[in-house]
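Residue numbering for the sequence shown follows the working numbering, beginning at 3 and increasing consecutively.
Take a look at the structure set out below.
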Amino acid sequence: MIIEHPARPEWKLTHDAPQPEEKAAGLYRFRLNVEPKKTERLVINEAKPQFTPYDVKTLSEDQIELLLQQKSINPDVERALRRITSQKNLVAEYDGQIKIQQRLMDQIFADQTRLRENMKSLQGSAEEKALLQRYTKQLDDEETQLDALRKKKQDLEGQQQLSDLSLRNMIQQLQMDVTL
Numbered sequence: 003m004i005i006e007h008p009a010r011p012e013w014k015l016t017h018d019a020p021q022p023e024e025k026a027a028g029l030y031r032f033r034l035n036v037e038p039k040k041t042e043r044l045v046i047n048e049a050k051p052q053f054t055p056y057d058v059k060t061l062s063e064d065q066i067e068l069l070l071q072q073k074s075i076n077p078d079v080e081r082a083l084r085r086i087t088s089q090k091n092l093v094a095e096y097d098g099q100i101k102i103q104q105r106l107m108d109q110i111f112a113d114q115t116r117l118r119e120n121m122k123s124l125q126g127s128a129e130e131k132a133l134l135q136r137y138t139k140q141l142d143d144e145e146t147q148l149d150a151l152r153k154k155k156q157d158l159e160g161q162q163q164l165s166d167l168s169l170r171n172m173i174q175q176l177q178m179d180v181t182l
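The following block contains the structure:
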């Protein structure tokens, strides 16, 4: 018995499907041997490749969970994506810490500007000299704080750059050929 099945361009026979005996324009022809008074069954499995582009660098944990629920990824892909997401979170954490350091430095700069303006307005009396000494001490203390903040910010920027480089390498080296 010869069975004809439509050959749709966007659909492909799966690896476990029987192979057609011949292919014609828009048709697959399968040969099936059926003994008299017997029933045979021919199952033809097809798959339609679907492509959904994702930017791995912006992929979130929620999107990974959704892909798992949809059975769009397998455990190997999940592990790779979670490693990348974890590294991306580390880079973002460094970025947040750098911004905090910068805000603290900006606050000190603003305070120093205020102190310098106050020092300019002092006339030179005994009380003003005491205030001037106090302002000078405060400026000195703030300069020490600024040095520490600058060093910490530089360290964080170095760690962030290394983490970002590691993230880019992880993304670049990600190669998976998966059929679901």
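Ideal Cβ placement from N, Cα and C applies to all residues, glycine included.
query: With three or more C-beta pairs closer than 8 Å as the rule, is the stretch 136-150 touching the stretch 108-122?; result: yes
query: Which word fits residue 59, buried or exposed, when buried means at least 16 other C-beta atoms lie within 10 angstroms of its C-beta?; result: exposed
query: Looking only at its own chain, which residues have a Cβ that is under 8 Å from the Cβ of residue 89, when we skip the five neighbours before and after it?; result: 165, 168, 169, 172
query: Would you tell me roughly how many angstroms separate the C-alpha atoms of residue 107 and residue 163, rounded to the nearest one?; result: 21 Å
query: Give the DSSP-derived three-state secondary structure of residue 30 in the structure shown.; result: strand
query: Report the partner residues of residue 15 according to the DSSP bridge assignment.; result: 48
query: Tell me where the alpha helix (DSSP H) around residue 38 begins and ends.; result: Segment: none, residue 38 is in no alpha helix (DSSP H) and carries neither H nor E.
query: One question on the structure: do residue 70 and residue 80 come within less than 8 Å of each other, judged by their Cβ atoms?; result: yes
query: Could you give the C-beta distance for residue 103 and residue 148, rounded to a whole number, given that I count them as a contact under 8 Å?; result: That pair is no contact at about 10 Å.
query: Under a Cβ-count criterion, where at least 16 other Cβ atoms within 10 Å of its own Cβ denotes burial, should residue 46 be classed as buried or exposed?; result: exposed
query: In angstroms with no decimal places, state the Cα-to-Cα distance between residue 31 and residue 3.; result: 10 Å
query: In this structure, does DSSP put residue 154 in helix, strand or coil?; result: helix
query: In angstroms, rounded to a whole number, what distance separates the CA positions of residue 131 and residue 121?; result: 10 Å
query: Verify whether the separation of the beta carbon atoms of residue 73 and residue 13 is less than 8 Å.; result: no
query: Which residues bound the alpha helix (DSSP H) around residue 110?; result: 77-123
query: Could you pull the start and end residues of the alpha helix (DSSP H) that residue 67 belongs to?; result: 63-71
query: Can the beta-carbon of residue 15 be found less than 8 Å from the beta-carbon of residue 48?; result: yes
query: Report all residues from its chain with a CB closer than 6 Å to the CB of residue 7; omit the five preceding and five following residues, and keep chain order.; result: 30, 46
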